[in-house]
Amino acid sequence: MTSKFHIQDLSVYFHGINVIQHLSLQIPDKEILGIIGPASSGKTTFLRVLNRMNELEQGSRVEGRVLMDGEDIYRSECDPVKLRKRVGMVFALPVPLPMSIYDNIVYGPTLAGASNRHRLDELVEKSLKDAFLWEEVKDRLKTSGLRLSGGQQQRLCLARVLAMQPEVILLDEPCSGLDPISTTKIEEALTKLKQDYTIILVTNNTKQAARISDNTAFFLMGQLIEIGPTDRIFTAPREKTTNDYVTGRFG
Amino acid sequence: MKLLGEKGVQKILLVTAFSAISALLLIALFIIKEGLPFLITYGLGDFLLSSDWQPQSGKFGILPMVAASLWVTLGAMIVGAPLGVAGAIFLSEFAPRPVMRVIKPTIELLAAIPSVVYGFIGVMVLAPLIRSSLGGPGLSLLAASIILGIMILPTIISISIDSILAVPQSYREGSLALGATVWQTIHMVTIRAARSGIIASIILGMGRAIGETMAVIMVAGNAVKIPRSALDSVRSLTANIALEMSYATGLHREALFATGVILFVVIITLNSIAILAIRKRVGKR
Amino acid sequence: MRIPPRFTQHGAIALLGGGTLVTVIILVFIVVFVLEKGLPVLSLSFLFSNPEEMGRAGGIFPTLIGTIVLPLLAILIATPLGLGTSVYLTEYTRESRITKVIRFGTDCLAGIPSIIFGLFGFIFFVTTLGMGWSILSGGLTLAFMILPTIIRTSEEAIKAVPKSYRDVSFSLGATRWQTVRRVILPNALPGILTGVMLGIGRSIGETAAVIFTAGSSLRLPSSIFDSTRTMAVHFYILAREGISSENAYGTAAALIIAVLLVNLTAYWLMHWFISRRS
């Protein structure tokens, strides 16, 4: 098992407030890592460290090293724009851009310079198939992405990320507003996608983590409490707080 | 654009961002450059306080014009402020919302009517009316005040309505729950809360009245003398500049620029006060 | 004896409503009066034929050209500058002393009366830079005048674009400029166009600034270095010199219609923009 990410002593500050404290962990390649924990435990902040999206907020500061494939993504030679092409993100609320389904998906690739129409068409088809959305929209690729249902929009967002052909997919509570059927479809897609991508999934729903993640990390108030294979975390966790959280004693 | 890169684009945008402040500085610079030497040599006191305006003999006392501008502005405030604030209160607190939503844009649209048209109406309708009912030449301080008052109505109404609507509903509810009537709530609570915005709108209106040129030229009569009654013909500072600029040379021209400097300073000061008041409210929200 | 609050309320409503009615009536009267006297004069031949005897007879064609060309030049100059400013303020910096200074400058510029712009345009463009009374001088001066309007409205429009769009664009590996160009500007376009329309409307009605910079030549301009007369200036001259009351009304009617059309377009755009958002 190789590590895609090696995080060493990471601390994150927002306007002086220490929101993540001395975090160290390794994230395995081509597996699903579920991150669970109550609200405000730093899960989303941690996720946004991995694609340097936290820099867009005023007043944020990062200390420590975040190594991806052995190289620190925060070193000065590393271009965040290029990084985000390798590390894609799906947000909690589905946000289709106000364009057609087709244009949503090719947005990222065309910015990177892709222009061959034929190849773009193939890319759109593959991405939508991998996101389990192709069958439902293949006849209306030119209609606006805003017309889709919530679950469809979220899968569109996933397809949009896949079209970038990244190495890592970050998901921030992707199913929080969705109905069970859409949730199942997305979980199905992720399970299939982990063969080719490293997936990191932040979720408030512990059962979802139990269902699909290979490994699970438990965050509490900016600190990593425990990380390990999902089976062990949920049946025989080493820390008492982990046990209390997964059995629902607090949350 | 690809040639420029992100840094290049950012630099270009930074340059454009300074265009407004550069324009302001440029304007200030040139107006002051042309007018300040005159003020220094002729003397600010003589300039402002003498009523002897005879450019041919080198006499540049602008007191009649200062008086005219002050009186016309005062008159415009007397006409425009009560009418404007009344309209704003009625439209935001009493009129049904759909009615307000139609009338407010209509009034704002009417604000776009060019000032020369307002002046023309003053000449063709108002001045004869004044002449026949009150006497005098008709083209007078009174006519200018009324026309200017009408011209600043949209400014006062529009900004006042925005200020009144910005007062939180909880203030009104708190008052009504204590048994006050709607009108009592309005004048004891709502207006007090919206006070700074309403005053700001009046100050902005005042700035506009002082700076108005074309309409005043057309209806005020343009005589260079200190007004003794509202029916007298007067010439405002702005009218003076516009009327004489086309043929003024040398010291005469500098005097007109000096008038411009005075106007510039007064209006920038007024507007800064108003803007600070408005931006502070928006900041609080 | 204290008047019961109920009565004061009724009195207040009557007074306020009366005041509002007076305002609306006056403003509507102005438009109706001018249109009533001016529309009969307004005909295609009036608009498209040349003036004779300094405007005593004939049409107003050269002024029509002036009224189109001058605002057009002003918009061409002011829009890139104003748009650049608002994009920079909203997307490229955070609130700081510099942004406060820029905003203060914009607000001050907005309050300067047109006669001062006229004086400035005259001393700077016409005289110092040697452009003479010309479309160029007039267009540049008008551009300074409408710059604050463009900046304000486009900043509102850009701020109204949801933050989540920016997040998504960045997360897909877009640079800041790509995000602005591909996502933010297209979405802010209706609001920006509203500002452009308002700027055009203001330019059309402007007189004091135009007379001292573009002059008042009645000849058809052949280049941007020629002087020209706009409908507003023509109307002012006709009215003040008492040249032709009839043609004055006709020009005024044309002026009002032009201004109203432009502003109505701006409002319509704004409403379409708002309804698309929600």
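Protein chains in written order, with the working numbering: chain A, 1 to 251; chain Z, 1001 to 1285; chain F, 2001 to 2278.
Note that the Cβ used here is the ideal one computed from N, Cα and C, for glycine as well.
Computed from a predicted structure; not experimentally measured.
Contact belief for residue i with residue j at Cβ below 8 Å, rounded distance in angstroms
i: PRO2080(F); j: LEU2218(F); result: Going by Cβ atoms, the distance from PRO2080(F) to LEU2218(F) rounds to 32 Å, so no, they are not a contact pair.
i: LEU50(A); j: VAL66(A); result: 7 Å
i: ASP214(A); j: ALA92(A); result: In fact, because the Cβ distance is near 22 Å, the residues do not count as touching under 8 Å.
Test: residue i CB closer than 8 Å to a CB of chain Z
i: PRO2080(F); result: yes
i: ILE2146(F); result: no
i: ARG2006(F); result: yes
i: LEU2016(F); result: yes
i: VAL2032(F); result: no
i: ALA2157(F); result: no
i: SER2278(F); result: At SER2278(F) the pLDDT is 46, less than 50, meaning the model places this residue with poor confidence; the figure from the coordinates comes in the next sentence. No, no contact with chain Z.
Residue span of the beta strand (DSSP E) that contains residue i, given as start and end
i: GLY64(A); result: 60-68
i: TYR107(A); result: Segment 101-112 is the alpha helix (DSSP H) holding TYR107(A); no beta strand (DSSP E) there.
i: THR198(A); result: 198-202
i: HIS6(A); result: 3-14
i: PHE219(A); result: 215-220
i: VAL19(A); result: 17-28
i: LEU224(A); result: 223-229
i: LEU33(A); result: 32-36
Interface flag, residue i vs chain F, CB-CB below 8 Å
i: ALA112(A); result: yes
i: VAL95(A); result: yes
i: GLY108(A); result: yes
i: PHE234(A); result: no
i: LEU1091(Z); result: yes
i: THR1213(Z); result: yes
i: GLU239(A); result: no
i: ILE1150(Z); result: yes
i: GLU1034(Z); result: yes
i: ILE1113(Z); result: yes
i: ARG119(A); result: no
i: LEU190(A); result: no
i: VAL202(A); result: no
i: LYS85(A); result: yes
i: ARG1285(Z); result: For ARG1285(Z), the pLDDT reaches just 42, beneath the cut-off of 50, and the residue's location in the model is therefore unreliable, leaving the point undetermined.
i: LEU224(A); result: no
i: GLY88(A); result: yes
i: SER1236(Z); result: no
i: ARG160(A); result: yes
i: MET221(A); result: no
i: GLN58(A); result: yes
i: ALA1127(Z); result: no
i: PHE46(A); result: no
i: ALA1076(Z); result: no
i: VAL81(A); result: yes
Cβ-based burial, residue i [other Cβ within 10 Å; buried from 16]
i: TRP2133(F); result: buried
i: LYS194(A); result: buried
i: SER41(A); result: buried
i: PHE250(A); result: exposed
i: LYS4(A); result: buried
i: TRP2177(F); result: buried
i: GLU2241(F); result: exposed
i: ALA2266(F); result: buried
i: ALA2208(F); result: buried
i: TYR1247(Z); result: exposed
Contact with chain A by residue i, beta-carbon distance below 8 Å
i: SER2223(F); result: no
i: SER2154(F); result: no
i: LEU2172(F); result: yes
i: SER2164(F); result: yes
i: THR2175(F); result: yes
Partners in chain D for residue i, counting only beta-carbon separations shorter than 7 Å
i: PRO98(A); result: Chain labels in this structure do not include chain D; the protein chains are A, Z and F.
Limits of the alpha helix (DSSP H) - the one that residue i falls within
i: PRO2186(F); result: 2185-2205
i: VAL87(A); result: First-last for VAL87(A): 87-90, but that is the beta strand (DSSP E), not the alpha helix (DSSP H).
i: ASP2107(F); result: 2097-2111
Next item on the list: Count the C-beta pairs between the segment 1230-1241 of chain Z and the segment 1053-1070 of chain Z that are closer than 8 Å, then say yes if the count reaches three, no if not.
Entry: Proximity of the segment 1230-1241 of chain Z to the segment 1053-1070 of chain Z meets the contact definition, three or more beta-carbon pairs being nearer than 8 Å.
Check: Hey, is the segment 1212-1221 of chain Z in contact with the segment 1141-1157 of chain Z, meaning 3+ C-beta pairs nearer than 8 Å?
Finding: yes
Next item on the list: Flag this pair as touching only if the segment 2043-2056 of chain F and the segment 2244-2252 of chain F have three or more C-beta atom pairs under 8 Å; answer yes or no.
Entry: yes
Margin query: Three or more C-beta pairs under 8 Å: does that hold for the segment 2032-2039 of chain F against the segment 1153-1170 of chain Z?
Written below: no
Checklist line | Meets three-Cβ-pair contact criterion under 8 Å: the segment 2178-2189 of chain F and the segment 2122-2132 of chain F | finding: For the pair of segments examined, the segment 2178-2189 of chain F was found not to touch the segment 2122-2132 of chain F: the number of CB pairs separated by less than 8 Å stays below three.
Item checked: Three-pair Cβ contact test at 8 Å for the segment 2224-2242 of chain F versus the segment 1110-1117 of chain Z -> yes
Note to self: Could you check whether the segment 1098-1106 of chain Z touches the segment 1174-1191 of chain Z, counting it as contact only if at least three pairs of C-beta atoms, one from each stretch, sit closer than 8 Å?
What the structure shows: no
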